[in-house]
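Single-structure report; data block below.
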Ligand code: URA
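Residue numbers (my numbering): 108 to 556.
In structure tokens:
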């Protein structure tokens, strides 16, 4: 584009105007090749955060990001391939459970995943808690493992959507993550770079989501489904509850252990409800089932038969990890310190704030404050009491496994403030709210029966 001026482009978006595809192209290309500095892209991101992008601009940005690098072709690999992506949450370990279950039902599940972002955990960090596990695969390794095991999870190598890799890290440090067009383009550019037949999106809503407001979650879901479908992929979405942590474990190795327990048939109800709903969408998107009820029966059989756990063991081994972790949790190692959070009053637990728990997880070493920080894979929380449970003053609510470097009093105070105890039992929260496809959005209860 002749006479492109980054300063003028920032001004244009700052003042609420619409950007042309050529301008977005110049900005993204310049950022990836290093000719446009971080500070100008940060200003543009903030202008987008404040004034948004319309659907045409969002589609253009997604396309430019997708084409900033290579794609992974899955041509020649037999079977239907379906990817699942969550917008991020606290205790969200669904990928490790749903992928082997869906694979055991005959569908291939390849995923490109990311590290922890803000208060949310990262799929790659959790997998790295498995001794020996390799999260950075070359394209030919990725394809070989998918063919052999039916599932594979890798981080983005240098050439896959490099624009997102750079922008994601910058957004994480400039308070520009929580934006509908920026999340849409970040997620969909990665999803489209992988040659799957279908995509299933888990859009989180509630305190632990990047977009806590339901209205924003609905808009994000529609925006992503629209782009997926326009690109020729069957795309389905669910809006699910992330107001409270999912399951009983938060923290890297603890979440892998909980996932293995789910594959052994011992999963907590909330986590299994969300997992089965997403798994049913994956089977329907793959065209192997057309009824949600029948899909859920098939998924449950894959767990009770032990097939899903076998797939998970094979997957761990194929990616260099020690599959014996499935039988011996001591192989994950021990944390430096362990202490208990006790209830200070009696009653019912009526709310556990997911965002606050995510922030406390960073404090105890399970997440990063800065990009270069090391994660303690053994650190995290095990919840003994959850919303709806009765507690007596002095009962243990959480076992805290930590790096031992935290200010215990401060963490204890923040954890207690994030857990509400009331005299009356709370209502059971809804876990899956809406289902979306190319025709619109429906109440999940209505479509799932
Ligand atoms: N996950 C992503 O991949 N990108 C975002 O922007 C947010 C969550």
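Beta carbons: idealized from backbone N, C-alpha and C, even for Gly.
Inter-residue spacing [alpha-carbon to alpha-carbon] between residue i and residue j
i, j, result
"residue 328", "residue 501", "42 Å"
"residue 260", "residue 426", "9 Å"
"residue 283", "residue 545", "28 Å"
"residue 194", "residue 279", "14 Å"
"residue 138", "residue 479", "21 Å"
"residue 390", "residue 383", "10 Å"
"residue 549", "residue 538", "15 Å"
"residue 399", "residue 340", "20 Å"
"residue 263", "residue 531", "47 Å"
"residue 363", "residue 221", "16 Å"
"residue 135", "residue 297", "15 Å"
"residue 310", "residue 442", "32 Å"
"residue 211", "residue 475", "34 Å"
"residue 111", "residue 148", "14 Å"
"residue 518", "residue 312", "25 Å"
"residue 120", "residue 161", "11 Å"
"residue 387", "residue 320", "25 Å"
"residue 496", "residue 452", "13 Å"
"residue 307", "residue 432", "29 Å"
"residue 541", "residue 153", "30 Å"
"residue 373", "residue 123", "51 Å"
"residue 424", "residue 155", "43 Å"
Cβ-Cβ distance between residue i and residue j below 7 Å
i, j, result
"residue 393", "residue 187", "yes"
"residue 487", "residue 381", "no"
"residue 338", "residue 172", "no"
"residue 223", "residue 267", "no"
"residue 197", "residue 489", "no"
"residue 347", "residue 375", "no"
"residue 458", "residue 527", "yes"
"residue 498", "residue 446", "no"
"residue 505", "residue 416", "no"
"residue 379", "residue 331", "no"
"residue 243", "residue 234", "no"
"residue 117", "residue 168", "no"
"residue 460", "residue 525", "yes"
"residue 436", "residue 529", "no"
"residue 281", "residue 189", "no"
"residue 230", "residue 360", "no"
Heavy atom of the ligand URA within 6 Å of residue i beta-carbon
i, result
"residue 251", "no"
"residue 290", "yes"
"residue 296", "no"
"residue 281", "no"
"residue 342", "no"
"residue 61", "Shown here, the chain extends from 108 to 556; a query on residue 61 therefore has no answer."
"residue 221", "yes"
"residue 293", "yes"
Nearest neighbour of residue i, chosen from the options [CA to CA]
i, options, result
"residue 422", "158, 249, 168 and 226", "249"
"residue 547", "508, 342 and 354", "342"
"residue 512", "491, 470 and 330", "470"
"residue 402", "208, 111 and 510", "208"
"residue 140", "272, 481 and 529", "272"
"residue 133", "270, 540 and 473", "270"
"residue 318", "307, 288 and 334", "288"
"residue 200", "227, 530 and 168", "227"
"residue 225", "276, 190 and 176", "276"
"residue 202", "370, 491 and 405", "370"
"residue 184", "165, 205, 176 and 256", "256"
"residue 551", "344, 495, 368 and 491", "344"
"residue 466", "316, 322 and 439", "316"
"residue 131", "165, 142 and 122", "165"
"residue 238", "324, 482, 439 and 503", "439"
"residue 205", "170, 414, 543 and 483", "414"
"residue 408", "108, 213, 252 and 142", "213"
"residue 286", "247, 326, 314 and 251", "326"
Buried or exposed (CB count within 10 angstroms, at least 16 for buried), residue i
i, result
"residue 144", "exposed"
"residue 385", "buried"
"residue 274", "buried"
"residue 157", "exposed"
"residue 366", "buried"
"residue 125", "exposed"
"residue 352", "buried"
"residue 146", "exposed"
"residue 536", "exposed"
"residue 232", "buried"
"residue 115", "exposed"
"residue 236", "buried"
"residue 377", "buried"
"residue 483", "buried"
"residue 217", "buried"
"residue 258", "buried"
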